Amino acid sequence: MHKDFSEILVSEEQIYQRCVEMGKEITDYYTAKGSIPLLVSVLKGSSFFLTELSKRINMDVEVDFMCMESYHGTESTGDVHIVMDLDRSIQDCDILLIEDIVDTGKTLKKVKGILNNKGARDVKVASLLDKPSRRVVDEKADFVGFVIPDKFVVGFGLDYNQKYRTLPYIGVLKEELYK
Ligand code: IMP
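When we follow the numbering used here, the leftmost residue of the sequence shown carries the number 26, and every step to the right adds one.
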């Protein structure tokens with residue numbers, strides 16, 4: 026385990042196994058719906074999850090990326106804005122938004138609003154992690170990897186001041202490193 030962590034919350038094996046399951050859930054959902062979603066990943070955090078999950082979706086999906094700036098330190102400001110936009114029209118598309126974590130829900134609300142304003146027909150959300158106890162707006166993911174307690178976590182795309190993203194598992198950062 027990394028020296029800056031107090032515990033490992035989700036192991037590498039658990040992430041891979043859950044991505045296999047979620048890939049099937051998502052494939053079944055869109056097969057029943059009769060459509061193929063465009064996967065939209067919000068950089069940088071969700072790109073690691075996108076890579077693992079998209080391999081398990083048994084459809085000819087396409088992917089696109091947005092970069093939002095939203096988080097400073099460990100607290101969401103809710104003041105999110107686009108740093109890099111999608112490079113195609115999403116008019117009348119079914120979007121599957123890929124998120125790393127839904128915490129307060131403010132970022133998700135903002136990004137869903139942006140995608141709806143761009144003319145998306147439908148926006149569903151797949152999030153690797155969900156921290157429901159921290160929610161301040163009424164938003165939720167449609168497909169969730171792991172529900173976790175109110176702890177600040179890093180790894181598998183999640184960072185603290187841009188660090189720890191490339192770790193292959195999700196760990197709890199020692200409080201003394203950010204408090
Ligand atoms: P929200 O707007 O509060 O839901 O925050 C969403 C964003 O905050 C995520 O996309 C992450 O970038 C970041 N975030 C929230 N909780 C954590 C955490 O425990 N570790 C790392 N980043 C987090």
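Note that the Cβ used here is the ideal one computed from N, Cα and C, for glycine as well.
What you are looking at is a predicted structure, and each value in this text was computed from that prediction instead of being measured.
Considering Cα atoms alone, identify which of the options is closest to residue i.
| i | options | result |
| --- | --- | --- |
| Arg43 | Leu192, Leu153, Val162 | Leu153 |
| Thr191 | Ser31, Glu32, Glu37 | Glu37 |
| Ser72 | Met84, Asp125, Asp119, Asp53 | Asp125 |
| Lys176 | Val35, Val65, Met26 | Val35 |
| Leu64 | Ser158, Asp104, Ile120 | Ile120 |
| Val161 | Leu183, Gly182, Lys131 | Lys131 |
| Tyr194 | Val136, Asp53, Tyr203, Asp184 | Asp184 |
| Val197 | Glu32, Met26, His27 | Glu32 |
Could you pull out every residue in the same chain whose Cβ sits closer than 7 angstroms to the Cβ of residue i, ignoring the five residues on either side in sequence?
| i | result |
| --- | --- |
| Asp112 | Asp89 |
| Gly144 | Ile115, Gln116, Asp117 |
Report all residues from its chain with a CB closer than 8 angstroms to the CB of residue i; omit the five preceding and five following residues, and keep chain order.
| i | result |
| --- | --- |
| Cys92 | Val67, Leu68, Lys69, Ile107, Val108, Met109 |
| Glu50 | Phe168 |
If you drop the 5 nearest sequence neighbours on each side, which residues of the same chain put their C-beta closer than 6 angstroms to that of residue i?
| i | result |
| --- | --- |
| Leu133 | Val127, Glu164 |
Could you check whether the Cβ of residue i sits closer than 7 angstroms to any heavy atom belonging to ligand 1?
| i | result |
| --- | --- |
| Gly196 | no |
| Phe181 | no |
| Glu32 | no |
| Phe171 | no |
- prompt: What are the complete alpha helix (DSSP H) segments, minimum 4 residues, inside the stretch 71 to 145?
  reply: 72 to 79, 131 to 142
message: For a minimum of 3 consecutive residues, which ranges assigned as the beta strand (DSSP E) are wholly contained in the stretch 142 to 170?
response: 147 to 155
- prompt: What are the uninterrupted segments assigned as alpha helix (DSSP H) that are 4 or more residues long and contained completely in the stretch 171 to 201, given in chain order?
  reply: none
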